[in-house]
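Chemist: Right, I'll just put the structure down here and ask away after.
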Amino acid sequence: MKHFFECKNLSKDFGGLTAVNQFNFHMKQGEIVSIIGPNGAGKTTFFNLITGLYPVTSGEITFNGHNIVGLSPYQITELGIARTFQAVRLFTDMTILENAMIGQHCRTNSGVIGAILQSSDHIKEEEHIKQYAKNQLEFFGSRLSGYRMNQPASVLSYANRRRLEIARAMSTEAQLLLLDEPAAGMNPKETIEIANLIGRLRDERGFSILVIEHDMQVVKDVSDHVIAMDYGGKIAEGDYYTVANDDRVIEAYLGRSDN
Amino acid sequence: MNTSEHKTINNIQQDLLKCIRIGVYAGIICIFVALIGMVEKFNSRDIISEVISMGHTLLVIITLSGTILTIQQFRQISLEYKHSSNGINYLWELLVGIFTGLIISSILAIFVVFINEIDIRPIFINASPTLLTILTFDKDIYTATMNLLVLGVVLGFIGTLFLNLPGKLRLLLIAGISSVIILGMFQDIITIILSKDGWPKILLNFLIDKNGVSVTASIVIFILIVITTSIYPYLPTAYENTMRLVAIYHSINLRISMYIMLAITLLLRIYWFIAISDKNLPMLPLCREGYITTNATLGQCAIVVYNQFNNVTNLFANSTSIINLIITISELILVGSISYSIISILWKSLRKTKSYNTNNLSELEHQTLIIKTKRNFSIVMGSALLLSLPMLLGVFPSEVLVNIGIYMLMGFGLNIVVGNAGLLDLGHVAFFAVGAYTTALLTSPRASLELGLSFWAALPIVIVITGLTGILVATPVLRMRGDYLAIVTLGFGEIARFLFLSDWFKPWLGGAQGIIKIPPISIGSIEFIGPHRIYYLIILFALIALFISVRIKDSRVGRAWMAMKADEKVAETMGINTVYYKLLAFGMGAMIASISGAIFATKLGTIFPHSFNVLVSITALSLIIVGGIGNLTGVIIGALVLVGLPELLREFSEFRLLIYGTLLIVMMLLRPEGLVPKSNTNTMIKDQDLIQDAWVENSTIYSHVKR
Ligand SMILES: Nc1ncnc2c1ncn2[C@@H]1O[C@H](COP(=O)(O)OP(=O)(O)OP(=O)(O)O)[C@@H](O)[C@H]1O
Ligand SMILES: [Mg+2]
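Chains A and B are the protein sequences, given in the same order. Anchor point for the first sequence: position 201 equals 205 in this note's numbering, and the numbering is continuous, going up by one each time. Anchor point for the second sequence: position 49 equals 738 in this note's numbering, and the numbering is continuous, going up by one each time.
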């Protein structure tokens, strides 16, 4: 049976260190899957492997039937996977709207000639890009839309930067969103809102979502399925209660915090 | 008493030492500029004729800056200690100022005594008797030393006084004095321009005396500038109001009516030309010479250009006196506005559907109208000025303009690579050279290929070949960024020059002899020979490059570059093929630079490898940095400042690199964003953002979390 998204025996070595180790994983379309695990477990590395930022040491990743190992990051985005970053990485010199418009880049194709001549195709496409981006920003209410859209992204508060990153990923018309700790650094209220938002992303916009999260409340609220990682491998999997009560998971967290 | 008081005084002493250090630096700089020959070189000219020379001005400026910097430092210190009342502070400041002036002048005095006693010319060739005369004011050494010291005290006093003037007054003074100094610095070029036929002789005689600006002129200019500066804050409002009026009276589609008007003037003018030679045709009243000799509209400009190619190199050829000129201009404005209004009314009645009544105009529509009017106004005025410049200025200034244009064009190309795509390219001269060499190869009948193509047939080939070269150069450096990229491209630039120079390519490219007999560009029978004609080509291509740059900047491609510049990895994860966009940037940058090189080649008629050295790249890069990276206005201003000024200021050209270096360092320290910084760098909004967030949070009622 073909899965929507699947990894088989995925491994990544950094010199001596195996950051991801024989990792097997699959998910269905429309699912929200959370990845938990102590610091340095290899979660972000896993994302970097999926998005092509790091070359895979061994194993395979398939998405919608395509083998995406060895593809460039932009090709993977074109296939329909988009991500956010643990440490927010926006284009701070560009406006909020432009940041969101970047997402549409891989879905459009007007080039230099069109831009110089301002051909009707170009104008139409440009309008479409803008509209699409605005639409994504409006998903976040007045936090990102309205008069703010034409201000540089550098003026945003930390929480709003995280939101803008999600909007940028949404603009790529991806099917699968990879969110790397979307609630990190947010206050409790904002954290609840993020949890709410992740649910809406799936319900209203139809994204499948793979989310790395440390906040167990968020994990509990949003996920259909939880995976626990440690030392690059999978130590538990199942629904929230199964994973949260798993001995190895508890040990991984407690054991680490003891050291 | 108490220790803290004691400690404060101790610290003040330490910080006073800090201040003294600035004085010492300033003194050393004075000696430095004297020893490298700047003072002597500058001294051949007076700023104000027979009153103060340029060399002396230089020293005075350094001394004044020294004292002013010291006092500013001192102010900071006394702010930290907050120890005394204002009155005492003033006194202290005066003391510090005078003291600094004294330090600077005594360093200079010691230097004077030193070179008077010991001949250091074998080491410092510029420590000549002439320098001594300049520094001693031609007095005996004892009087000279005393004079210098007194001068130092006076300058220190003036510096302090200046800093304590109210801000507005200070601004006026700076504006007035600096415009006189600028006038003095540009006196050569002003003399050249004003001695052209057509400019009234009185103006030149009034402005420039034997060896500098005349005393009366400097006073008049000073007063004029002070007055303009003081009313300057009201000028934008006045401009705005005028434009508002214009917009109200012609609140119809302005652009179209303006074009019609221009077409009519143009037709009238052409008719005039034919009618002059053909006596059978009647002279229409509106075609009378007087209406159409000035250059107030685009139509007139076309004629100016036409004149240019008929060797009428004088804008005032038809109106011999300034009075005639003034009458002509007013007539033209009259005719212009009448025809403008008529067309406006006609247009209005034709397009009944959109008959604007200003009373019903919404504020927004009104604003757009005013903006439109402003834009049209500046387009017309700007093009009029651009097109008539070579005729107004004459041949030598046009030459300078052409050089500025060549660098500006290259700058636009480089700006795509560095400014848009963020790839630090220090070898842009290579593309300039490839453009020049390909043009030479294709067009020169004496080149090895013996093709002798026309420029216009060769240009597309040149552009394509150079574009491909750009891509070729970019391919190996795709994985590099920042400093590494800069070093490698620097190497490429030099490699290109060595290839052109090499024996290997000698049969084709002529080695050190280069390629000769490159024909000038021509359209029909018009040949673009001489700077006052090539100017128009440069303007044309620069405008095209500017247009392309503007359009691309706000497009999908421009955004992709911007994203890549900000964060390459993220850009790639957001779906941008960075390899493609890097190659594209290099390709386009190279193409634009190639046009610049092509014009350069036809302008000189002969090209040698040594014209394409690394300094060309450095200049192109510097003008982008000075102007503000990624900023198109910045490119224009950077080219004017870095290419134009050194050519106009004869005395400066020898110290060109020194001044470049100093300028770049000062820019990096004081204005890293460049002369024309980007507009949207407001960091204040962040707080506002947080407040707004808090508001959103409080007012939004969340649906319950779990679905
Ligand atoms: N580029 C790299 N080079 C070498 N080692 C790396 C690199 N990236 C990650 N690692 C190592 O791989 C391991 C896993 O890192 P990773 O960032 O994936 O952890 P994580 O699960 O995301 O942790 P956190 O919760 O802190 O984000 C760490 O030990 C890290 O030091
Ligand atoms: Mg991580």
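All C-beta atoms, glycine included, are put in the ideal place defined by N, C-alpha and C. In this text, all values refer to a predicted model and were calculated from it rather than measured experimentally.
Can you list, in chain order, every residue whose CB sits closer than 7 angstroms to a heavy atom of ligand 2?
Modeler: Going along the chain, the residues that qualify are A/Lys47, A/Thr48, A/Gln90, A/Asp184, A/Glu185 and A/Ile216.
Chemist: Helix, strand or coil, according to DSSP, for A/Arg93 in the structure here?
Modeler: Here A/Arg93 sits in coil by DSSP.
Chemist: Whole angstroms are fine: how far does the CA of A/Leu57 sit from the CA of A/Lys16?
Modeler: Using only the alpha carbons, I get a separation of about 12 angstroms.
Chemist: Using the DSSP secondary-structure output, state which residues sit across from B/Ile1296 in a beta bridge.
Modeler: Answer is B/Ile1204.
Chemist: Contact between the segment 1116–1124 of chain B and the segment 1193–1201 of chain B is defined here as three or more beta-carbon pairs at a separation below 8 angstroms; is this criterion met?
Modeler: Segments in contact, no.
Chemist: Short of 8 angstroms in beta carbon distance, which residues of its chain neighbour A/Leu101, apart from the five on each side in sequence? Order them along the chain.
Modeler: Same-chain partners within the cutoff: Lys134, Ala137, Lys138, Leu141, Met153 and Asn154.
Chemist: If you reduce the DSSP assignment to three classes, tell me which class A/Thr66 lands in.
Modeler: Reduced to three states, the DSSP call for A/Thr66 is strand.
Chemist: On the premise that B/Ser794 lies in contact with B/Leu840, defined as a C-beta separation below 8 angstroms, what is that separation, rounded to the nearest angstrom?
Modeler: About 6 angstroms; that satisfies the 8 angstroms criterion.
Chemist: Taking 8 angstroms as the threshold, find out whether the segment 1098–1118 of chain B comes into contact with the segment 1324–1336 of chain B through three or more Cβ pairs.
Modeler: Taking 8 angstroms as the limit for Cβ pairs, the verdict is that the segment 1324–1336 of chain B does touch the segment 1098–1118 of chain B.
Chemist: Could you pull the DSSP bridge partners for A/Met233 from this structure?
Modeler: In the DSSP output, where bridge partners are listed per residue, A/Met233 has A/Lys238.
Chemist: Taking the Cβ atom as the reference point for each residue, do B/Ile751 and B/Cys708 lie within a distance shorter than 9 angstroms?
Modeler: Contact flag unset, no.
Chemist: Under the assumption that A/Phe9 contacts A/Lys238 (Cβ atoms under 8 angstroms), give the Cβ distance between them as a whole number of angstroms.
Modeler: A/Phe9 to A/Lys238, Cβ: 15 angstroms. No contact.
Chemist: Please report the straight-line C-alpha distance between A/Val116 and B/Arg1360, rounded to a whole angstrom.
Modeler: Each residue's alpha carbon lies about 32 angstroms from the other.
Chemist: Does the segment 1085–1094 of chain B come into contact with the segment 1245–1257 of chain B, if we say contact requires no fewer than three beta-carbon pairs (one atom in each stretch) closer than 8 angstroms?
Modeler: With a cut-off of 8 angstroms, the segment 1245–1257 of chain B and the segment 1085–1094 of chain B do not count as touching, because too few Cβ pairs lie within range.
Chemist: Excluding the 5 residues flanking B/Arg1345 on each side, which residues of the same chain have their C-beta closer than 7 angstroms to its C-beta?
Modeler: So the qualifying residues of the chain are Pro1335.
Chemist: Report yes or no: do three or more beta-carbon pairs, one from the segment 90–105 of chain A and one from the segment 61–71 of chain A, lie closer than 8 angstroms?
Modeler: Short answer: they don't touch.
Chemist: Looking only at its own chain, which residues have a Cβ that is under 6 angstroms from the Cβ of A/Arg165, when we skip the five neighbours before and after it?
Modeler: Within the same chain, A/Arg165 has close Cβ partners Val92 and Leu94.
Chemist: Report yes or no: is there a C-beta of chain A within less than 9 angstroms of the C-beta of B/Val869?
Modeler: B/Val869 does not count as touching chain A.
Chemist: DSSP three-state call for B/Leu1364: helix, strand or coil?
Modeler: Coil at B/Leu1364, not helix or strand.
Chemist: Any idea what DSSP makes of B/Ser1087, helix, strand or coil?
Modeler: Looking at B/Ser1087 - three-state DSSP - the assignment turns out to be helix.
Chemist: Quick one: Cα of B/Gly1316 to Cα of B/Thr1308, how far?
Modeler: Straight-line Cα distance between these residues: approximately 12 angstroms.
Chemist: Whole angstroms are fine: how far does the CA of B/Ile804 sit from the CA of B/Pro811?
Modeler: One C-alpha to the other measures close to 12 angstroms.
Chemist: What do you get for A/His132, buried or exposed, if any count of 16 or more other CB atoms within 10 angstroms of its CB means buried?
Modeler: Flag for A/His132 reads exposed.
Chemist: So what's A/Asn30 in DSSP terms, helix, strand or just coil?
Modeler: Note on identity: in this sequence residue 30 of chain A is His, with Asn being the wrong assignment. Correct three-state label for A/His30: strand.
Chemist: Taking beta-carbon pairs under 7 angstroms, can you tell me which members of the segment 1243–1260 of chain B lie near chain A?
Modeler: From the segment 1243–1260 of chain B, only Ser1244, Arg1245, Val1246, Arg1248, Ala1249, Met1251, Ala1252, Ala1255, Asp1256, Lys1258 and Val1259 have a Cβ closer than 7 angstroms to chain A.
Chemist: Across the segment 1267–1286 of chain B and the segment 1106–1122 of chain B, are there enough close Cβ pairs to call them in contact, namely three or more that are closer than 8 angstroms?
Modeler: Yes, the segment 1267–1286 of chain B touches the segment 1106–1122 of chain B.
Chemist: Using the DSSP secondary-structure output, state which residues sit across from A/Leu180 in a beta bridge.
Modeler: Answer is A/Ile85 and A/Ser212, bridged to A/Leu180.
Chemist: Let me see if you follow: with CB-CB separation under 9 angstroms, is A/His126 close to chain B or not?
Modeler: By this cut-off, A/His126 is an interface position.
Chemist: Can you give me, in chain order, the residues of the segment 1283–1306 of chain B that have a beta carbon less than 8 angstroms from any beta carbon in chain A?
Modeler: Of all residues in the segment 1283–1306 of chain B, none has a Cβ within less than 8 angstroms of some Cβ in chain A.
Chemist: I need the straight-line Cα distance from A/Val24 to B/Val1162, nearest angstrom please.
Modeler: Using only the alpha carbons, I get a separation of about 38 angstroms.
Chemist: Specify the secondary structure class of B/Ala1309 as computed by DSSP and reduced to three states.
Modeler: Of the three classes helix, strand and coil, the one that applies to B/Ala1309 here is helix, per DSSP.
Chemist: Less than 6 angstroms between C-beta atoms, sequence neighbours within five positions excluded: which residues of the same chain meet that for B/Asp898?
Modeler: Excluding positions up to five away in sequence, the list reads Ser738.
Chemist: Note down, one range per segment and in chain order, each beta strand (DSSP E) of at least 3 residues found wholly within the segment 1208–1244 of chain B.
Modeler: Counting only runs of 3 or more, we get nothing.
Chemist: Measuring only from the beta carbon, is A/His229 closer than 8 angstroms to any heavy atom that is part of ligand 1?
Modeler: Flag unset: Cβ of A/His229 not near ligand 1.
Chemist: For the 8 angstroms Cβ check, are there 3 or more pairs between the segment 36–47 of chain A and the segment 228–238 of chain A?
Modeler: Yes: at least three Cβ pairs fall under 8 angstroms.
Chemist: Considering only their Cβ atoms, is the gap separating B/Ser1283 from B/Gly1156 smaller than 9 angstroms?
Modeler: Yes; because the gap between Cβ atoms is below 9 angstroms, this pair is in contact.
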